[in-house]
Amino acid sequence: MAIISDDENLNHKKKRNDNTVSEEISYDMSFETNIRPKVFNDYIGQSSLKSTLKISIEAAKKRELPLDHILFYGPPGLGKTTLASVIANEMNTNIKITSAPALERPRDIIGILMSLKAGDILFIDEIHRLNKISEEILYPAMEDFYLDMTTGKSQTLKSVRIPIPKFTLIGATTKAGSLSSPLRDRFGIIHRLEFYTDEELTKVIKRTAEILNIDIEENGAIAIAKRSRGTPRIANRLVKRVRDFAIVKSNGIIDEKTSNEALDILQIDKFGLDNTDRALLNIIAEKYDGGPVGIETLATALGEDTKTIEDVYEPYLVQKGFLQRTPRGRKLTSFACKCFNLKNIDIQKSLF
Ligand SMILES: Nc1ncnc2c1ncn2[C@@H]1O[C@H](COP(=O)(O)OP(=O)(O)O)[C@@H](O)[C@H]1O
Ligand SMILES: [Mg+2]
Numbered sequence: 057m058a059i060i061s062d063d064e065n066l067n068h069k070k071k072r073n074d075n076t077v078s079e080e081i082s083y084d085m086s087f088e089t090n091i092r093p094k095v096f097n098d099y100i101g102q103s104s105l106k107s108t109l110k111i112s113i114e115a116a117k118k119r120e121l122p123l124d125h126i127l128f129y130g131p132p133g134l135g136k137t138t139l140a141s142v143i144a145n146e147m148n149t150n151i152k153i154t155s156a157p158a159l160e161r162p163r164d165i166i167g168i169l170m171s172l173k174a175g176d177i178l179f180i181d182e183i184h185r186l187n188k189i190s191e192e193i194l195y196p197a198m199e200d201f202y203l204d205m206t207t208g209k210s211q212t213l214k215s216v217r218i219p220i221p222k223f224t225l226i227g228a229t230t231k232a233g234s235l236s237s238p239l240r241d242r243f244g245i246i247h248r249l250e251f252y253t254d255e256e257l258t259k260v261i262k263r264t265a266e267i268l269n270i271d272i273e274e275n276g277a278i279a280i281a282k283r284s285r286g287t288p289r290i291a292n293r294l295v296k297r298v299r300d301f302a303i304v305k306s307n308g309i310i311d312e313k314t315s316n317e318a319l320d321i322l323q324i325d326k327f328g329l330d331n332t333d334r335a336l337l338n339i340i341a342e343k344y345d346g347g348p349v350g351i352e353t354l355a356t357a358l359g360e361d362t363k364t365i366e367d368v369y370e371p372y373l374v375q376k377g378f379l380q381r382t383p384r385g386r387k388l389t390s391f392a393c394k395c396f397n398l399k400n401i402d403i404q405k406s407l408f
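Oh and the sequence shown: position 223 is 279 in the working numbering, straight run, nothing missing.
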């Protein structure tokens with residue numbers, strides 16, 4: 057079945073990029089559910105986006121109409137899926153959660169659209185991966201709330217219009233640029249999620265620690281926040297790692313010293329960069345004289361696929377001012393060369 061409805065189901069079955077459904081009733085998944093904010097008050101940061109959404113939600117409620125279709129874009133782990141569920145909670149509506157790779161056949165998308173009730177939210181993750189046929193089915197559904205279907209056999213082929221209830225589509229993508237423009241144009245609200253500040257991540261960490269009964273000092277939380285790449289998902293993951301370290305190596309309390317020691321062992325540096333980030337910068341410096349180097353070449357040299365580099369590693373390196381995207385390829389900035397003493401000393405050794 058291509059459809060994963062409601063939050064509960066999502067915890068058990070999660071559609072993967074490779075289009076297989078893996079059963080994951082793991083500790084990690086229940087951990088995710090417990091700490092995922094459910095209402096705006098618990099959703100930290102993204103303040104301008106939240107204010108815009110609050111107004112749209114209030115207006116939609118007053119007019120007794122569904123919200124405009126919404127598109128969220130930005131790197132993984134910044135809270136796109138979480139925000140979609142928060143909106144559903146705030147609107148008091150149901151949400152059906154699926155992702156583009158699960159909507160390969162026309163009947164997948166038709167099935168899910170026909171199952172919607174008035175006011176429901178349909179969340180499609182990785183929406184840039186929708187195929188052309190599914191996209192074309194979606195256009196009239198988004199615009200005028202009907203489906204164009206053909207019935208009968210070849211000679212008696214008839215086209216029929218089937219009305220569907222008014223719903224809200226929320227799409228999420230790591231790559232807004234890969235969305236076709238007819239699809240992008242059908243979203244009334246388009247928003248980019250920003251990386252979080254250290255202060256915001258400190259709040260995320262303290263909130264998570266409280267839910268999980270972890271003893272953490274303010275400075276311990278700040279130390280983790282600084283190395284979390286501006287990303288709540290990473291901050292939450294690091295809290296767990298540091299907690300384990302604190303239990304084994306000291307009294308279980310996360311203070312600044314424990315955090316820093318644990319993160320050093322995990323080889324996450326003071327900029328939040330891990331081994332792969334450093335290897336990426338290192339390769340550009342050592343093998344390509346600081347760039348520019350094409351993304352394909354870089355991916356081969358690094359042993360990663362281009363999509364992961366583009367979606368996961370690059371955005372943060374660019375945001376931090378270490379990397380530049382130019383028409384001729386990726387280039388190190390002089391700031392990166394200064395921070396990591398590049399070209400003279402191996403980055404890995406210069407960091408700690
Ligand atoms: N604004 C936020 N406040 C608190 N926690 C957040 C926030 N955004 C994300 N998180 C946490 O980070 C995790 C990843 O968020 P998610 O919505 O899955 O990211 P995305 O869909 O953008 O990849 C969630 O489990 C959630 O607990
Ligand atoms: Mg998501």
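The C-beta atom is built at its ideal place from N, Cα and C for all residues, glycine as well.
Bridge partners - residue i, DSSP secondary structure assignment
i	result
Ser215	Thr206
Thr138	DSSP lists no partner for Thr138.
Asp181	Ser155
Val260	Answer by DSSP bridge pairing: none, since Val260 is not bridged.
Check: residue i C-beta below 8 Å from any heavy atom of ligand 2
i	result
Pro131	no
Thr287	no
Thr154	no
Asp367	no
Asp181	yes
Where the alpha helix (DSSP H) containing residue i begins and where it ends
i	result
Leu109	103-119
Asp241	237-241
Gln375	370-375
Phe96	Taken as a continuous stretch (DSSP letters only), Phe96 belongs to no alpha helix (DSSP H), as it is neither H nor E.
Ala197	188-200
Residue i: first and last residue of the uninterrupted beta strand (DSSP E) it sits in
i	result
Thr253	No beta strand (DSSP E) contains Thr253, which DSSP labels as neither H nor E.
Asp271	Where Asp271 is concerned, there is no enclosing beta strand (DSSP E), given that its DSSP letter is neither H nor E.
Lys152	151-155
Thr332	It is not in any beta strand (DSSP E) - Thr332 instead sits in the alpha helix (DSSP H) that spans 331-343.
Phe301	Not the beta strand (DSSP E): Phe301 falls in the alpha helix (DSSP H), residues 288-305.
Near ligand 1: residue i beta-carbon under 8 Å from a heavy atom
i	result
Ala228	yes
Thr137	yes
Thr211	It should be pointed out that residue 211 corresponds to Gln in this sequence rather than to Thr. No, Cβ of Gln211 sits at least 8 Å from all heavy atoms of ligand 1.
Asn292	yes
Gly101	yes
Asp98	yes
Val260	yes
Test item: CB-CB of residue i and residue j under 9 Å
i	j	result
Leu225	Ile151	no
Pro122	Gly175	yes
Arg285	Leu319	no
Gln380	Gly347	yes
Tyr99	Thr137	no
Tyr129	Lys231	yes
Rounded distance between the beta-carbons of residue j and residue i, thought under 8 Å
i	j	result
Asp311	Glu273	5 Å
Ala281	Asp300	In fact, because the Cβ distance is near 18 Å, the residues do not count as touching under 8 Å.
Gly227	Ile180	5 Å
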